[in-house]
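Enquirer:
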Amino acid sequence: MRISVSNASPLRAKVDSHVFAVWSEDIRGRKIASDDLAKIDRDTRGALSAAFARQRFSGKASDQLIATGPGGREVIFLGAGKRRDAKARTWLTLAARAAKAVQGVRGKSLTLSPRAELDETLTRLLAEGAHLGAYHYDEMRGKGTKAKDKPARLAAVTLCASGADIRALTAAVKKGEVIGEALALARDLINGPGNVITPTALAARAKAWCEAGGLQVEVLDKRKLEKMGCGGILAVNRGSAEPPCMIVMRYRPRGAVKGASLALVGKGVTFDTGGISLKPGAKMHLMKADMSGAAAVIAAMGAIGRLGLPINVTGIVPATDNMPDGNAIKPGDVITHLNGKTVEVLNTDAEGRLILADALVHACREFKPTHMLDFATLTGSCVIALGERMAGVMGNDDEFRTRICALGEEAGEDLWPLPLNEDFTAAMKSDVADLANISSEHGAGAEQGGAFLQEFVDGPKWCHLDIAGPFFASTPFGPYRCKGGTGFGVLTALQTAEALAE
Ligand code: BES
Ligand code: MN
Ligand code: ZN
22 MRISVSNASP LRAKVDSHVF AVWSEDIRGR KIASDDLAKI DRDTRGALSA
72 AFARQRFSGK ASDQLIATGP GGREVIFLGA GKRRDAKART WLTLAARAAK
122 AVQGVRGKSL TLSPRAELDE TLTRLLAEGA HLGAYHYDEM RGKGTKAKDK
172 PARLAAVTLC ASGADIRALT AAVKKGEVIG EALALARDLI NGPGNVITPT
222 ALAARAKAWC EAGGLQVEVL DKRKLEKMGC GGILAVNRGS AEPPCMIVMR
272 YRPRGAVKGA SLALVGKGVT FDTGGISLKP GAKMHLMKAD MSGAAAVIAA
322 MGAIGRLGLP INVTGIVPAT DNMPDGNAIK PGDVITHLNG KTVEVLNTDA
372 EGRLILADAL VHACREFKPT HMLDFATLTG SCVIALGERM AGVMGNDDEF
422 RTRICALGEE AGEDLWPLPL NEDFTAAMKS DVADLANISS EHGAGAEQGG
472 AFLQEFVDGP KWCHLDIAGP FFASTPFGPY RCKGGTGFGV LTALQTAEAL
522 AE
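See below:
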């Protein structure tokens, strides 16, 4: 999809549809209260004012009106709520609704007039939103699928910003396009089935995307993991026919800031059956998406390279599936991690923390980042605590955790803090080894997972983002998160890299 910015009059553009935002502030007492909107209304033969009069439209964020404009082209008015309450998700939603509305009538091009003063941030959010709204997963449709049975593809979006500095906004649009592309990649990886997105395939996709963005990618194979002593990844992989790997993505730009460096770690369980502690069958297919943390990290790394952010960033993805088998690890088995700590595996379904432990140790030892984030679909407990739209954030530094939650919100992702303290750490003790991978204490499963991971973090300020809620939308979470993989985490990772680069 091509996105551009223009300050020409939108109704003159040769496109399939024109979309206009209508803010609550534009309407006073069932009358149009802004001059430019009044003119648009005249140009569409009063469609909007007629709808006001009949109370069909009030500028509420759920209102939508379709009218006929000059040349018989479609004009869509989208209620956008109160302009002064608008936040990141307002802009993402607006552009995604525009894309969806036009795609819905099989249109290929549109102008979007947000009717607000655009700065670089808002422009970028609109570009991202258009990409997210237009996204469809269709990698798995058969070759014989007819074009008419496939969802329409939006080809061109023009953001209309009258009186703006088009040059500056064009740069912002380019950023939005890169991020939109990254989010689509993350979603494709997440929606990809377990028999296609194997650890090896995940590594190949990471290599292609990241190398094209100027990164160096190294894939540590099973032999290498054995030599290193990555006992967690190897243990989870024991039951599998697919070899594991650890994907290491290095971004080392010229002129990187001196004071900060970032590591991004993502859980890459390409399918989680639970292993010998087998999961129940209902909804098990969703566990193809248990590599959503990995997808977010891979997508963000390639985007960081393309955006040219001036900061050293390393992405690390431990990848394997978790299968039951004669060779699989069993409850009670004891394993040894990369840093020498031993873990009693009391439940083979708490596998994410086992593979992440080695990855966190590797990140701290080899790259000595000042800051580290991990993204993982770690616990059902986090979903009980916070629901399906929010990620839980734990960490070893309260100030950094608060900052990450704020950065996430600025980027359009909802994050909420969860506690970590020495009681949660104590709960992860084992009778026979240094740690157990589950606790016998009731409740706080997300925090117990976080406390376990903390035992493998040495050096950086670190946050653990449990994305088991928002990784996947089982029903559409609104226009910019359609059904399926969401790519949650990409935006927070990018916002963090940008903030640390300053
Ligand atoms: N991948 C799951 C967590 C999960 C569940 C993510 C639902 C997304 C949706 C994870 O590996 C897991 O099985 N966790 C267990 C941990 C427990 C055994 C301590 C869980 O949450 O039940
Ligand atoms: Mn599991
Ligand atoms: Zn899992």
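Counting in this note's numbering, the sequence shown runs from 22 upward without gaps. Here a beta-carbon is modelled for each residue, glycine too, at the ideal position from N, C-alpha and C.
Distance, Cα to Cα, residue 418 vs residue 424?
Expert: Stepping through the sequence shown from its first residue, residue 418 is reached at position 397. Stepping through the sequence shown from its first residue, residue 424 is reached at position 403. The straight-line gap from Cα to Cα measures roughly 10 Å.
Enquirer: Do you know offhand how far residue 204's Cα is from residue 248's?
Expert: For the purposes of this step, residue 204 is taken as the residue at position 183 of the sequence shown. For the purposes of this step, residue 248 is taken as the residue at position 227 of the sequence shown. Straight-line Cα distance between these residues: approximately 35 Å.
Enquirer: Tell me whether the stretch 397 to 406 and the stretch 355 to 362 touch, counting them as touching only if at least three CB pairs, one residue from each stretch, are closer than 8 Å.
Expert: no
Enquirer: Taking the straight line between their C-alpha atoms, what separation do you get for residue 111 and residue 101?
Expert: Mapped onto the sequence shown, residue 111 falls at position 90. Mapped onto the sequence shown, residue 101 falls at position 80. When rounded, the distance between both Cα atoms is 7 Å.
Enquirer: Three-state secondary structure (DSSP) at residue 358?
Expert: Within the sequence shown, numbered from 1, the residue matching residue 358 stands at position 337. Reduced to three states, the DSSP call for residue 358 is coil.
Enquirer: Mind checking whether the beta-carbon of residue 372 lies closer than 6 Å to any heavy atom of the ligand MN?
Expert: For the purposes of this step, residue 372 is taken as residue 351 along the sequence shown, with counting starting at 1. Yes, the beta carbon of residue 372 sits closer than 6 Å to at least one heavy atom of the ligand MN.
Enquirer: When burial is assigned at 16 or more other CB atoms within 10 Å of the CB, is residue 62 buried or exposed?
Expert: Here the question's residue 62 lines up with position 41 in the sequence shown. Buried, since its Cβ has 16 or more Cβ neighbours within 10 Å.
Enquirer: Only counting the same chain, and skipping five residues up and downstream in sequence, which positions put a Cβ closer than 6 Å to that of residue 128?
Expert: Mapped onto the sequence shown, residue 128 falls at position 107. Correct list, in chain order: 37, 38.
Enquirer: What number of angstroms, rounded off, separates the C-alpha of residue 160 from the C-alpha of residue 346?
Expert: Taking the first residue of the sequence shown as 1, we reach residue 160 at position 139. Taking the first residue of the sequence shown as 1, we reach residue 346 at position 325. Residue 160 and residue 346: Cα-Cα distance of roughly 30 Å.
Enquirer: With which residues is residue 435 paired in a DSSP beta bridge?
Expert: Here residue 435 refers to the residue found at position 414 of the sequence shown. Answer is 411.
Enquirer: Among 312, 256, 357, 52, which residue has its Cα nearest to the Cα of residue 507?
Expert: The residue given as residue 507 occupies position 486 in the sequence shown. It is 312 whose Cα lies nearest to the Cα of residue 507.
Enquirer: Relative to the alpha-carbon of residue 287, which residue among 383, 365, 297 has its alpha-carbon at the smallest distance?
Expert: Position 266 of the sequence shown holds residue 287. Looking at the Cα atoms, 383 is the closest of the given residues.
Enquirer: The ligand BES and residue 401: does the residue's C-beta get closer than 6 Å to at least one heavy atom of that ligand?
Expert: Numbered from 1 along the sequence shown, position 380 holds the residue referred to as residue 401. Remark: the C-beta of residue 401 is in contact range of the ligand BES, defined as less than 6 Å to any heavy atom.
Enquirer: Enumerated in chain order, which unbroken segments of the beta strand (DSSP E) with a length of 3 residues or greater are wholly contained in the stretch 356 to 392?
Expert: 363 to 366
Enquirer: Compute the beta-carbon to beta-carbon distance between residue 296 and residue 370, rounded to the nearest angstrom, for a pair I have assumed lies under 8 Å.
Expert: The sequence position of residue 296 within the sequence shown is 275, counting from 1. The sequence position of residue 370 within the sequence shown is 349, counting from 1. Between residue 370 and residue 296 the Cβ distance is about 6 Å, and since that is below 8 Å, they are a contact.
Enquirer: For residue 436, collect the residues of the same chain with a Cβ closer than 6 Å to its Cβ; drop the 5 residues on either side in sequence, then sort them by chain order.
Expert: By one-based count along the sequence shown, residue 436 stands at place 415. The residues 412, 414, 426, 429, in chain order, have a CB closer than 6 Å to that of residue 436 in the same chain once the five nearest residues on each side in sequence are set aside.
Enquirer: Any contact between the stretch 494 to 503 and the stretch 374 to 391? By contact I mean 3 or more CB pairs, one from each, below 8 Å.
Expert: no
Enquirer: By Cβ distance below 7 Å, which residues in the same chain neighbour residue 213 in space, the five residues on each side in sequence not counted?
Expert: Counting from 1 along the sequence shown, the entry for residue 213 is found at position 192. So the list reads 160, once near-sequence residues are dropped.
Enquirer: Run the proximity test for residue 293: is its beta-carbon closer than 6 Å to any non-hydrogen atom belonging to the ligand MN?
Expert: For the purposes of this step, residue 293 is identified with residue 272 of the sequence shown, where counting begins at 1. Yes, the ligand MN has a heavy atom inside 6 Å of this Cβ.
Enquirer: Say yes only if the C-beta of residue 290 is nearer than 6 Å to one or more non-hydrogen atoms of the ligand ZN, and no if none qualify.
Expert: For the purposes of this step, residue 290 is taken as the residue at position 269 of the sequence shown. Residue 290: yes, Cβ under 6 Å from the ligand ZN.
Enquirer: Please report the distance separating the alpha-carbon of residue 531 from that of residue 350.
Expert: Because the chain in this structure spans residues 22 to 523, residue 531 falls outside the shown range and cannot be described.
Enquirer: How long is the line joining the alpha carbons of residue 258 and residue 84, rounded to whole angstroms?
Expert: Here residue 258 corresponds to residue number 237 of the sequence shown, with the count starting at 1. Here residue 84 corresponds to residue number 63 of the sequence shown, with the count starting at 1. Answer to the nearest angstrom: the Cα atoms are 50 Å apart.
Enquirer: Could you give the C-beta distance for residue 408 and residue 490, rounded to a whole number, given that I count them as a contact under 8 Å?
Expert: Reading the sequence shown from its first residue, position 387 is the one you call residue 408. Reading the sequence shown from its first residue, position 469 is the one you call residue 490. Their Cβ separation, rounded to whole angstroms, is 6 Å, which keeps residue 408 and residue 490 in contact under 8 Å.
Enquirer: Buried or exposed: where does residue 452 fall if 16 or more other Cβ atoms within 10 Å of its Cβ makes it buried?
Expert: Within the sequence shown, the letter at position 431 stands for residue 452. Exposed: under 16 other Cβ atoms inside 10 Å.
Enquirer: Would DSSP call residue 276 helix, strand or coil?
Expert: The residue given as residue 276 occupies position 255 in the sequence shown. Here residue 276 sits in coil by DSSP.
Enquirer: Could you tell me which residues DSSP puts in a beta bridge with residue 334?
Expert: As a working mapping, residue 334 is identified with position 313 in the sequence shown. Beta-bridge pairing links residue 334 to 272, 283.
Enquirer: At the level of alpha carbons, what is the spacing between residue 442 and residue 473?
Expert: As a working mapping, residue 442 is identified with position 421 in the sequence shown. As a working mapping, residue 473 is identified with position 452 in the sequence shown. In a straight line, the C-alpha of residue 442 is about 11 Å away from that of residue 473.
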